[in-house]
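These notes concern the structure reproduced below.
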Amino acid sequence: MTRQSITLIGGGLVGALMAQLLARRGFAVEVFEKRPDPRRFGFLGGRSINLALAERGLQALRSAGLAEDVLQQTVMMRGRMVHPREGAPSLQRYGVDDSEVIWSVSRAALNKLLLEAAEAAGVTLHFGQSLVSADLDRQRVVLADEHGTQRHHEASMLIGADGAGSALRAAMDAYAPLGIRVESLGHGYKELEIPPGSGAERFAIEPHALHIWPRGRYMCIALPNTEGSFTVTLFLPAHGPHPSFDTLPDGAAAEAFLHEDFPDLLPQIPRLAEDYDSHPVGTLSTLYLDRWHIDGRALLIGDAAHAIVPFHGQGMNCGFEDTVVLADLLAESGHDSADAFAEFQRVRQPNANAIAAMALENYIEMRDSVADPHYLAKRELGARLAERAPRHFMARYRMVTFTHLPYAYAYERGRAQDQLLEQLLRGSTDAGTVSLDAAVAALQATLPPLPRLRA
Ligand code: FAD
Ligand code: E0Q
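Residue 7 is where the sequence shown starts when you use our numbering, and the numbers rise one by one after that.
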């Protein structure tokens, strides 16, 4: 029997991991990636951009046999270090102890490692090959190299992991409308850098944290890199009154703005003006599709199917979860990819919608309410309930970041728990006013126990 072939478009984070998992399950996999081979030419742009890797992504990497190798190249983050406008920064731990932490990883290093692993598993990688069009009736695609030279490729089963601007999605949508909806956040971002410390300290600020400077309608964050630098991201409204990217047209304006609103951060970013002027403003949107596939011929995964805003640090983690689900479904499906694709969408779409909603909510939470007394009281009461009744209360952040409970479950359960906290607190900003015995009784009376967690 000949091995079934799969053509993957996009060798980014999700495409590279998908390719490796499918090759390990016996498929003949070819990947077409627009950019040149990052292992030979360096990553495009050459800037160090990093991401937070959490339990869901780590679990997918474990199933690929890559978790240990990836963890070698990360910096542990124990919690958020919140830098208020006035006063000292303070650490809000993500979990109970160092068993519940997240990991900062370089996008370039991770992508290279995943491509290496895909190749080692027998995947054929083609770089500098950009999808131009897909003829879904004839089941072939057109690809162009960097000079525009085109080639055809037979593709009976296509998987699109070509990111938020997916070309395969456009081709599928032209063939049979997918019901695409893009909701722009109206805020953009700019990436900047804190270089490694010059003195005895390799890191200029606390290395084992995700730093946040919340400022109400906007914020800065910083994630550590293994070399000692931090990647800083400034999130701001794209347009409108000051401050927005409209009112900060250049590095000089940005410098004056940071001087006013982020005075402790500004001196840490020596190349602010140059970087601000040379880096583009990134856009942020949520992408919803009615359909992710065309029968058994083409399917979208990762950001191509469900790009979300980055404020929960779950886009890659969610895409990695996708890859394991799909690899298992395809391996079980025999030759019926239409069934596998339909089942994939049935299982994953409610979860993608849930993390999309939670990521949007987390922007408000991060930039604003981490400093709000009512929010802090709710957090405090939640923490006490989780301690007193761990089978009945678990913070939503914890379900999302440290468990494999479906995102849709975390979203629903989180909403129910939140309603209860609101009822118990009745607007109070002091968790100490609530009787814990009564609260636990109310909790157990209204909500079923949480599912038992898999190891
Ligand atoms: P991509 O990583 O975009 O990869 C797509 C690949 O397809 C690329 O290699 C591209 O070159 C290639 N391609 C594109 N077009 C074509 C074409 N026509 N033909 C062939 N190849 C093509 N997620 C987290 O989990 N944690 C975080 O902390 C986090 N932080 C983020 C911060 C920011 C500012 C942003 C914007 C996102 C963040 N994310 C984070 C989300 C994460 O970046 C994405 O979810 C993830 O990169 C999706 O992977 P992907 O492979 O689907 O898409
Ligand atoms: C995480 C880890 C880009 C980004 C990535 C993240 C997080 C945030 C704020 C941002 C959410 C949190 N968070 O700290 O609640 O947990 O990945 Cl802005």
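Beta carbons: idealized from backbone N, C-alpha and C, even for Gly.
Query: Close Cβ partners of residue 219 (< 7 angstroms) along its chain, the five nearest in sequence each way excluded; Result: 89, 225, 226, 268 and 271
Query: Host alpha helix (DSSP H) of residue 47 (start-end); Result: 44-47
Query: Residue from 344, 112, 100 and 307 with nearest C-alpha to residue 44; Result: 112
Query: Three-state secondary structure (DSSP) of residue 343; Result: helix
Query: Any heavy atom of the ligand E0Q within less than 5 angstroms of residue CB: hits in chain order; Result: 58, 86, 227, 316, 317, 319 and 372
Query: Short Cβ contact (9 angstroms threshold) for residue 81 with residue 217; Result: no
Query: Proximity of residue 31 and residue 346 at Cβ, strictly below 9 angstroms; Result: no
Query: Start-to-end residues for the beta strand (DSSP E) that takes in residue 225; Result: 225-230
Query: Per-residue DSSP class, three states only, for residue 372; Result: helix
Query: Burial state of residue 459 (16 or more Cβ within 10 Å); Result: exposed
Query: Residues near residue 437 in its chain [Cβ-Cβ closer than 6 angstroms; skip 5 each side]; Result: 383, 386 and 387
Query: Inter-residue CB distance, residue 290 and residue 315 (contact presumed, cutoff 8 angstroms); Result: 5 angstroms
Query: Alpha carbon of residue 396 to alpha carbon of residue 434, nearest angstrom; Result: 23 angstroms
Query: Buried/exposed call for residue 8, threshold 16 Cβ in 10 Å; Result: exposed
Query: Through-space distance from residue 69 to residue 407, alpha-carbon basis; Result: 18 angstroms
Query: Beta-carbon contacts of residue 121 that lie in its chain and below 8 angstroms, excluding the five residues immediately before and after; Result: 17, 22, 43, 44, 45 and 131
Query: Touch test, the segment 342-359 against the segment 281-289, Cβ-Cβ under 8 angstroms, three pairs minimum; Result: no
Query: Closest residue to residue 182 among 143, 189 and 211 (Cα-Cα distance); Result: 143
Query: Sequence ranges, alpha helix (DSSP H) only - wholly within the segment 95-165, length at least 4; Result: 113-126
Query: Contact set for residue 240: own chain, Cβ-Cβ below 6 angstroms, skip 5 residues either direction; Result: 196 and 226
Query: Assigned secondary structure, residue 20 (DSSP; H/G/I helix, E/B strand, else coil); Result: helix
Query: Heavy atom of the ligand FAD within 8 angstroms of residue 282 beta-carbon; Result: no
Query: Contact check, residue 59 vs residue 359, beta carbons under 9 angstroms; Result: no
Query: Contact with chain D by residue 290, beta-carbon distance below 9 angstroms; Result: Within the model displayed, chain D is absent; a lone protein chain is all it includes.
Query: Residue 384: CB within 8 angstroms of a non-hydrogen atom of the ligand FAD; Result: no
Query: C-alpha distance - residue 299 paired with residue 349, whole-angstrom precision; Result: 11 angstroms
Query: Reduced DSSP category for residue 89 - H, G, I as helix; E, B as strand; rest coil; Result: coil
Query: Residue 108 classed as buried or exposed, judged by whether at least 16 other C-beta atoms fall within 10 angstroms; Result: buried
Query: Which of helix, strand or coil DSSP assigns to residue 245; Result: coil
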